[in-house]
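Read the structure below first, then the notes.
Protein chains: 2
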Amino acid sequence: MAKPTPLSGFPEFLPAQRFVEQEVIATLARTFELHGFGNVETRAVEPLDQLLRKGDTSKEVYVLRRLQEDESGKDKGIGLHFDLTVPFARYVLENAGKLEFPFRRYQIQKVWRGERPQEGRFREFAQADIDIVGRDVLPFHHDVEIARVMLEALGRLDFLPGFRLQVNNRKLIQGFYAGLGLDADGIDDVMRLVDKLDKLDPAKVRELLLTDAGVTEDQADQALALATIRATDDSFVARVRDLGVTHDLLDEGLDELASLVRACAPLVTERTRIEADLSIARGLDYYTGTVFETRLDGFESLGSICSGGRYDALASDGRTTYPGVGISLGLSRLLVPLVQRGVLTADRSVPSVVVVAVTAEETRSEADAVATALRARGIPCEVAPSAAKFGKQIRHAERRGIPYVWFPDQGEVKDIRDGNQVAADPATWQPPTQDLRPQVVTTTISEGEPS
Amino acid sequence: MAKPTPLSGFPEFLPAQRFVEQEVIATLARTFELHGFGNVETRAVEPLDQLLRKGDTSKEVYVLRRLQEDESGKDKGIGLHFDLTVPFARYVLENAGKLEFPFRRYQIQKVWRGERPQEGRFREFAQADIDIVGRDVLPFHHDVEIARVMLEALGRLDFLPGFRLQVNNRKLIQGFYAGLGLDADGIDDVMRLVDKLDKLDPAKVRELLLTDAGVTEDQADQALALATIRATDDSFVARVRDLGVTHDLLDEGLDELASLVRACAPLVTERTRIEADLSIARGLDYYTGTVFETRLDGFESLGSICSGGRYDALASDGRTTYPGVGISLGLSRLLVPLVQRGVLTADRSVPSVVVVAVTAEETRSEADAVATALRARGIPCEVAPSAAKFGKQIRHAERRGIPYVWFPDQGEVKDIRDGNQVAADPATWQPPTQDLRPQVVTTTISEGEPS
Chain A
1138 MAKPTPLSGF
1148 PEFLPAQRFV
1158 EQEVIATLAR
1168 TFELHGFGNV
1178 ETRAVEPLDQ
1188 LLRKGDTSKE
1198 VYVLRRLQED
1208 ESGKDKGIGL
1218 HFDLTVPFAR
1228 YVLENAGKLE
1238 FPFRRYQIQK
1248 VWRGERPQEG
1258 RFREFAQADI
1268 DIVGRDVLPF
1278 HHDVEIARVM
1288 LEALGRLDFL
1298 PGFRLQVNNR
1308 KLIQGFYAGL
1318 GLDADGIDDV
1328 MRLVDKLDKL
1338 DPAKVRELLL
1348 TDAGVTEDQA
1358 DQALALATIR
1368 ATDDSFVARV
1378 RDLGVTHDLL
1388 DEGLDELASL
1398 VRACAPLVTE
1408 RTRIEADLSI
1418 ARGLDYYTGT
1428 VFETRLDGFE
1438 SLGSICSGGR
1448 YDALASDGRT
1458 TYPGVGISLG
1468 LSRLLVPLVQ
1478 RGVLTADRSV
1488 PSVVVVAVTA
1498 EETRSEADAV
1508 ATALRARGIP
1518 CEVAPSAAKF
1528 GKQIRHAERR
1538 GIPYVWFPDQ
1548 GEVKDIRDGN
1558 QVAADPATWQ
1568 PPTQDLRPQV
1578 VTTTISEGEP
1588 S
Chain B
1138 MAKPTPLSGF
1148 PEFLPAQRFV
1158 EQEVIATLAR
1168 TFELHGFGNV
1178 ETRAVEPLDQ
1188 LLRKGDTSKE
1198 VYVLRRLQED
1208 ESGKDKGIGL
1218 HFDLTVPFAR
1228 YVLENAGKLE
1238 FPFRRYQIQK
1248 VWRGERPQEG
1258 RFREFAQADI
1268 DIVGRDVLPF
1278 HHDVEIARVM
1288 LEALGRLDFL
1298 PGFRLQVNNR
1308 KLIQGFYAGL
1318 GLDADGIDDV
1328 MRLVDKLDKL
1338 DPAKVRELLL
1348 TDAGVTEDQA
1358 DQALALATIR
1368 ATDDSFVARV
1378 RDLGVTHDLL
1388 DEGLDELASL
1398 VRACAPLVTE
1408 RTRIEADLSI
1418 ARGLDYYTGT
1428 VFETRLDGFE
1438 SLGSICSGGR
1448 YDALASDGRT
1458 TYPGVGISLG
1468 LSRLLVPLVQ
1478 RGVLTADRSV
1488 PSVVVVAVTA
1498 EETRSEADAV
1508 ATALRARGIP
1518 CEVAPSAAKF
1528 GKQIRHAERR
1538 GIPYVWFPDQ
1548 GEVKDIRDGN
1558 QVAADPATWQ
1568 PPTQDLRPQV
1578 VTTTISEGEP
1588 S
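See the structure below:
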């Protein structure tokens, strides 16, 4: 076969790049588990009727067909999941009798969307989701918990650029609009238009509010004034109060958002920040309270890399309703641009710390014995593939970024970075901790700069 | 939505069951990395023309179609991969200029086949593959390496039943048949029929050898005599020699197989065994030397749970050929039956070691502070969801299998398994190591017994 060409929209990593992704996944998983989140993996497919319930994503679904499927139609339609929320909601309903609520789970899997590939948009990509689901009720403190867990997880990824978790609350927005005198339809219309502020000029949005949503000039100005409010602490409450609008739901939303921002304050660092941004609504999605988005410093054009919120009915079987709160990290959206631009890579392409040299094929078993002794003590290593000249065996290590070469005949190990060679016993020799695993290496390249 | 029903052939695990799978994957990955294998993940899809090159699997391929795909045919046909070898061969060719050879990789991913679901056969299942690929050449010692790495990896999974790695060598079989005077077509015919010995009676196979393959009675008897030879050491060599057949390729195969069995001997334990089984041919697959199969003690009806071998041309771009040797563990084939029959589970359904009790909602932050201190020291925990009576909070822990409940007011922690309650400081308290993570629990149930 001729050399294959990559499939657009289906990114893949070289081994050193994949190590970066593994490190990120391991750090996320460790953090989620520290907070009591158990892992779940769902099948890649769902029945088409479930996937197509959300009309606006229908065109993105990949439908599956067996190559020699019979025409009898006995095979029910299935397709690949386009997010991890639809399968998780189904999993909760299917296993409700066997799960303990509140149920915390994390899920790190690929999802597929047949949309046009472009920067930061892929046809196959990985997501890392955390959700907490209750039966019938789920107290608000779980919204705070979700925010804190994701802040901590992203904060631990210290080789990533800094980021800003932006939070808002749908009760706050909807209560404010209701306080302006709008009805349910009017609230939806205004929310949909104000949500366009990240793409449209405020003047244009104001015009649409007047013409499309049919609100008064005062209502439009008030809605736009609310959307300009941002704060890194609970000072936004006073600024909203200053607008003079009152409503019970607004009070509830302000209380929730203020306590969320206050509870996250201890986690704030220079890299890890939180901001109440009252323009964020997350479109017409199913959110009913807290909403989250996340912007990566210097990579704002990627859009939100981590989004979610509170939904009062994640799932329902007609008798029981399962409210939830969750947030989804776009793992590929975050990593693929950083890796492809060379901002992130690893310092070697293999796990091996040591290449054990082979003096002659007849004595390969001596090299094997050294390797076995090192591995028994948790030191990854490989034995040279051939009894080539030592210079060639050293270059074998160099090309892979492996820091040490062991010479069994001499009973010595060489750090090929500085050439230092010392006597060593495979039963006791220990490399420095930072050499034990490949390390993530960062290069500072700002957005848009060629790699 | 009504309670969903499972999709046949798409197995899913409950959280405690998924923990077993995570433990297996982590142990495999750790072992592979100790031997210098780096991780690779390939996209789930491949071009259809690549997937359909092996005619006999074509009916199993799942074809992908975007829901609103235009009819212009601009979208090239793609389908889900049915194994990890086809995508890996493509990955090697696509990235050959960026990889270092010999290239060791492990890959643990789902694959999909549209075949009829049955015991041990799924439409979606996970595999764990290791392969070593060379450019132009790949010395035989890598065959030994692959066998040893997988023996070590399976050996570390000490909660699994014992197993037997069965090895043979295609050069041995083909050289023997050539020594009997058969030509290339005759060798293929006999190999294909002898491979049916696991399903057909030897007398029936003998009859087919005479009628279908057209060999002489003596040739048939010799072929069947070879296939009966099994040995856990290199004594099979003398038994083959006793059959009186000679051929250079036979000698080469005997040498390779004998040195492989000898090199694996140090890894043999009561649970971890190796056996030369001269009946194994792996069908008409692309193998050209060493072949592997694996049987699980007490679960022989699952078939081979781990198979592979040497292929002299894993991939080729016309100018360069990439020989490889590898083995593929059927992770789902192995785990799904054991988990579904209740042989394997975990002792809790969440990662949490501790539930921190909440005395009143107003003092939830005190419980949060205890949890934060425990997590900072690597102890997974969760805070009780409500300030219910302590009895209810203890039952919350019990139902999840969480061993400890922490009472911040009293500054005490209770081991709810034995009721022992002691004063404790979240800055210093340490649970026993075996409590830190969920543990895999095994129940002895032999094959066929109802769970």
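Going down the list, the sequences are from chains A and B.
Per my numbering, the very first residue in the first sequence carries number 1138; after that it's consecutive.
Per my numbering, the very first residue in the second sequence carries number 1138; after that it's consecutive.
In this text, a Cβ means the ideal position worked out from N, Cα and C, and glycines have one as well.
Is there a Cβ from chain B that is less than 9 angstroms from the Cβ of Thr1142/A? yes
With 9 angstroms as the threshold, decide whether the Cβ of Ser1588/A is near any Cβ in chain B. Residue placement at Ser1588/A cannot be trusted, given a pLDDT of 41 that sits under 50; the coordinates are not used to answer.
Just how far apart, CA to CA, sit Tyr1423/A and Arg1447/A? 8 angstroms
By the DSSP assignment, the beta strand (DSSP E) with Glu1170/B in it spans what residues? Segment 1152-1171 is the alpha helix (DSSP H) holding Glu1170/B; no beta strand (DSSP E) there.
Look up Lys1551/A in the DSSP assignment and say whether it is helix, strand or coil. strand
What's the gap between the Cα of Asp1449/A and the Cα of Thr1581/A? 42 angstroms
Could you tell me which of Phe1150/A, Ala1375/A, Asp1505/A, Val1377/A sits nearest to Lys1235/B, measuring between CA atoms? Phe1150/A
For Ala1315/B, count neighbouring Cβ atoms within 10 angstroms of its own Cβ and tell me buried if that reaches 16, exposed if not. buried
Within 10 angstroms of the Cβ of Glu1224/A, are there 16 or more other Cβ atoms? Answer buried if so, exposed if not. Reading off the sequence shown, one finds Pro at residue 1224/A, where the question assumed Glu. Per the 10 Å Cβ criterion, buried.
Report the residue ranges of all beta strand (DSSP E) runs contained in full by the stretch 1375-1452 of chain A; include only those spanning at least 3 residues, in chain order. 1409-1414, 1427-1433
Taking one C-beta from the stretch 1489-1496 of chain A and one from the stretch 1145-1161 of chain B each time, how about it: are there three or more such pairs within less than 8 angstroms? no
Tell me the rounded alpha-carbon separation between Asn1306/A and Ala1452/A. 21 angstroms
Applying the 10 Å Cβ sphere with the 16-neighbour rule, what's the burial state of Asp1322/A? exposed
In chain order, which continuous runs of the alpha helix (DSSP H) of length 4 or greater are located wholly inside the stretch 1266-1293 of chain B? 1278-1293
With a threshold of 9 angstroms between beta carbons, is Ala1290/A in contact with chain B? no
Please say whether Ile1411/A and Thr1369/A have beta carbons closer to each other than 9 angstroms? yes
As an exercise, report each continuous alpha helix (DSSP H) stretch of at least 4 residues that is fully enclosed by the stretch 1484-1543 of chain A, in chain order. 1501-1513, 1527-1537
Looking at Ala1290/B: is its Cβ nearer than 9 angstroms to the Cβ of Thr1168/B? yes
Helix or strand or just coil, what does DSSP make of Ser1469/A? helix
Considering only residues of the same chain and omitting the five flanking positions on each side of Glu1498/B, which have a CB-CB separation below 6 angstroms? Ala1524
Going by the beta-carbon positions, is the gap between Pro1575/B and Gly1173/A smaller than 9 angstroms? no
Is it true that the CB of Ala1504/B sits closer than 9 angstroms to the CB of Ala1513/B? no
Going along the chain, which residues of its own chain have a beta-carbon closer than 6 angstroms to the beta-carbon of Gln1558/B, five neighbours each way excluded? Glu1549, Lys1551
Closer than 8 angstroms between beta carbons: that is the criterion. Which residues of the stretch 1171-1184 of chain A meet it against chain B? Leu1171, His1172, Gly1173, Phe1174, Gly1175, Asn1176, Val1177, Glu1178, Thr1179, Arg1180, Ala1181, Val1182, Pro1184
Using 8 angstroms as the cut-off, classify the Cβ of Val1304/A as near or not near the heavy atoms of the ligand FMN, replying yes or no. With respect to small molecules bound, the structure shown includes none, and the ligand FMN cannot be examined in it.
Answer yes or no: do Asp1332/B and Ser1396/B have a C-beta to C-beta separation smaller than 9 angstroms? no
Taking 9 angstroms as the threshold (C-beta atoms), are Asp1546/A and Thr1496/A in contact? yes
Please report whether the beta-carbon of Tyr1541/A lies at a distance below 9 angstroms from any beta-carbon of chain B. no
Can you give me the Cβ contacts of Thr1406/A inside the same chain, cut-off strictly under 7 angstroms, excluding the 5 residues immediately before and after it? Gly1292
Residues in the stretch 1523-1548 of chain A with C-beta within 9 angstroms of chain B's C-beta atoms, listed in sequence order? Ser1523, His1533, Arg1536, Arg1537, Ile1539
Which residues mark the beginning and the end of the beta strand (DSSP E) in which Phe1240/A is found? 1240-1249
The alpha helix (DSSP H) spanning Gln1359/B covers which residue range? 1354-1364
Work out the CA separation of Lys1529/A and Arg1258/A for me, nearest whole Å. 43 angstroms
Helix, strand or coil for Leu1144/A? Go by DSSP, reduced to three states. coil
Going straight from the alpha carbon of Leu1185/B to that of Gly1216/B, what length do you get? 6 angstroms
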